[in-house]
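So the sequence shown is numbered by our numbering: it starts at 13 and just counts up by one.
Note that the Cβ used here is the ideal one computed from N, Cα and C, for glycine as well.
This one's a predicted model, so the numbers in the text were calculated from it and none came from an experiment.
Reading through the structure tokens given below for one structure.
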Amino acid sequence: MKATDLEQRILKQSLLCTVMIAGFGIAVGILSSSVSIIFDGMFSALDAAMCSLSLLVTRLLRQETSRRFQHGFWHIEPLVLVFNGSLLSVLCFYAFINAVKGILEGGHELEFGWGIFYAVLVAAFCFFMFLRERRANRVIESELIGLDVKSWLMSACISSALLLAFSIAWLLERVGHGHLTPYIDPGVLAVLTLVLIPIPIGTVIGAIKEVLLITPEDLERELRELMQQLTSDYGFVSHSHYATRVGRGLFVEVHVVLPEAMEHVGVRQLDQIRDRISRAIGESGPDRWLTVAFTRDPRWL
């Protein structure tokens with residue numbers, strides 16, 4: 013099975029599971045009067061919407077280039093990551109504000125039985141999906157599935173924290189400290205949102221770097237070391253290079269000023285240099301755009 017087909021199948025399965033978790037979470041949250049469970053359900057609902065968008069993007073990425081999109085559709089992938097991460101960040105911030113408001117208002121009572129049942133079931137399922145998708149993505153190496161893996165991990169952590177909090181609240185109620193239990197639900201929600209919000213923010217920052225065509229430091233270092241080695245081997249007068257990543261697309265341009273001794277070398281030898289550069293960069297395939305130009309005039313750098 014092709015990587016893109018496997019990617020779509022995984023995202024479809026994830027979408028179906030996420031919709032089920034979202035509906036279950038919102039329903040149990042209403043039954044148990046738990047704002048943290050409702051937040052978990054809303055988090056899953058938003059994740060389902062983003063998974064649908066990711067699925068659409070994977071279909072676009074499979075299409076051939078066109079007159080209007082001559083470099084393909086790679087730029088859409090980081091845009092989706094920015095949109096997704098931004099929405100998750102806003103949701104976490106809004107939930108944190110509501111949690112603080114709930115604590116200041118004295119909290120509220122909730123049904124711990126429903127909460128513990130929900131947390132056990134959902135935490136186990138989310139950890140299963142996280143491990144399953146992470147294993148599959150080691151082969152596919154998809155940023156979209158990578159984001160989905162993070163979402164399943166976040167959901168699993170939320171449910172695990174809910175299980176711990178509801179269990180503690182249930183014990184407090186049994187040992188005569190029931191006056192503390194109304195603060196458990198909003199307190200857990202506040203802590204969860206503070207812990208989770210750096211994850212989508214990190215995704216947004218990384219994706220914005222791709223949107224702005226900022227060259228990754230490791231890629232720049234590899235190209236610089238490669239060209240220094242080639243300059244030493246062939247005696248190039250000077251050179252320049254430009255590289256960036258956009259989604260799964262890798263774009264590299266290399267311009268070389270040849271020495272006088274190589275002024276009359278044939279195309280075959282220049283192609284050998286190109287081939288050496290290509291092998292050193294790696295990642296050959298339809299997602300890589302590599303241009304290597306040779307000149308004797310430094311003005312063309």
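| query | Does the beta-carbon of residue 164 have 16 or more other beta-carbons within 10 angstroms, so that it is buried, or is it exposed? | reply | Translated into positions along the sequence shown, residue 164 becomes position 152. Buried, by the Cβ-count rule.
| Using DSSP with H/G/I as helix, E/B as strand and the rest coil, what is residue 312? | Taking the sequence shown and counting its residues from 1, the one referred to as residue 312 is at position 300. Correct three-state label for residue 312: helix.
| said: For residue 187, report the span of its alpha helix (DSSP H) as first-last. | reply: Against the sequence shown, residue 187 aligns to sequence position 175. It is not in any alpha helix (DSSP H) - residue 187 carries neither H nor E in the DSSP assignment.
| message | By alpha-carbon positions, which one of 311, 280, 166 ends up nearest to residue 136? | response | Residue numbering aside, residue 136 sits at position 124 when the sequence shown is read from its first letter. The shortest Cα separation from residue 136 among 311, 280, 166 belongs to 166.
| query | Is there contact here, the segment 95-108 with the segment 201-209, by at least three beta-carbon pairs under 8 Å? | reply | yes
| Among residues of its own chain, excluding the 5 on either side of residue 225, which ones have a beta-carbon nearer than 6 Å to its beta-carbon? | For the purposes of this step, residue 225 is identified with residue 213 of the sequence shown, where counting begins at 1. Here the set comprises 256.
| Does residue 97 have its Cβ less than 8 Å from a Cβ in chain D? | Within the model displayed, chain D is absent; a lone protein chain is all it includes.
| query | Skipping 5 residues on each side, what residues in its chain have a beta carbon closer than 6 Å to that of residue 223? | reply | For this step, residue 223 is matched to residue 211 along the sequence shown. Closer than 6 Å at Cβ, skipping near neighbours: 90.
| message | Taking the beta carbon of residue 150 as the centre, do at least 16 other beta carbons fall within 10 Å, making it buried, or is it exposed? | response | Start at 1 with the first residue of the sequence shown, and residue 150 comes out as number 138. By the neighbour-count rule (16 or more Cβ atoms within 10 Å), residue 150 is not buried but exposed.
| Where residue 92 falls, given that 16 or more other Cβ within 10 Å makes a residue buried | On the sequence shown, position 80 is the one that residue 92 refers to. Classification of residue 92: buried, given that the 10 Å Cβ count is 16 or more.
| task | State yes or no: is the C-beta of residue 100 within less than 8 Å of the C-beta of residue 143? | result | The residue you call residue 100 lines up with position 88 of the sequence shown. The residue you call residue 143 lines up with position 131 of the sequence shown. Going by C-beta atoms, residue 100 is not nearer than 8 Å to residue 143.
| said: Given this structure, state the Cα-to-Cα distance separating residue 45 from residue 199, to the nearest angstrom. | reply: Counting from 1 along the sequence shown, the entry for residue 45 is found at position 33. Counting from 1 along the sequence shown, the entry for residue 199 is found at position 187. The straight-line gap from Cα to Cα measures roughly 14 Å.
| message | Helix, strand or coil for residue 126? Go by DSSP, reduced to three states. | response | Position 114 of the sequence shown holds residue 126. DSSP places residue 126 in helix when its eight states are reduced to three.
| said: Quick check: what's the CA-CA separation for residue 250 versus residue 266? | reply: The sequence position of residue 250 within the sequence shown is 238, counting from 1. The sequence position of residue 266 within the sequence shown is 254, counting from 1. Cα to Cα, the separation comes out at about 11 Å.
| query | Roughly how many angstroms lie between the CA atoms of residue 54 and residue 94, to the nearest whole one? | reply | For this step, residue 54 is matched to residue 42 along the sequence shown. For this step, residue 94 is matched to residue 82 along the sequence shown. Computed Cα separation, rounded: 19 Å.
| message | Once the 5 residues before and after residue 299 are set aside, which same chain residues still bring their CB inside 6 Å of it? | response | Residue mapping note: residue 299 aligns to position 287 of the sequence shown, counting from 1. Cβ neighbours of residue 299 beyond the five flanking positions: 260, 261.
| request: Sort 246, 288, 290 by Cα distance to residue 275 and report the nearest one. | output: Position 263 of the sequence shown, counting from 1, holds the residue named residue 275. Nearest option by C-alpha distance: 246.
| field | Exposure of residue 192, with buried meaning 16 or more beta-carbon neighbours within 10 Å | value | Here residue 192 refers to the residue found at position 180 when the sequence shown is read from its first residue. Exposed, because fewer than 16 other Cβ atoms sit within 10 Å of the Cβ of residue 192.
| Taking the beta strand (DSSP E) that residue 250 falls in, what are its first and last residues? | Against the sequence shown, residue 250 aligns to sequence position 238. Start and end: 250-258.
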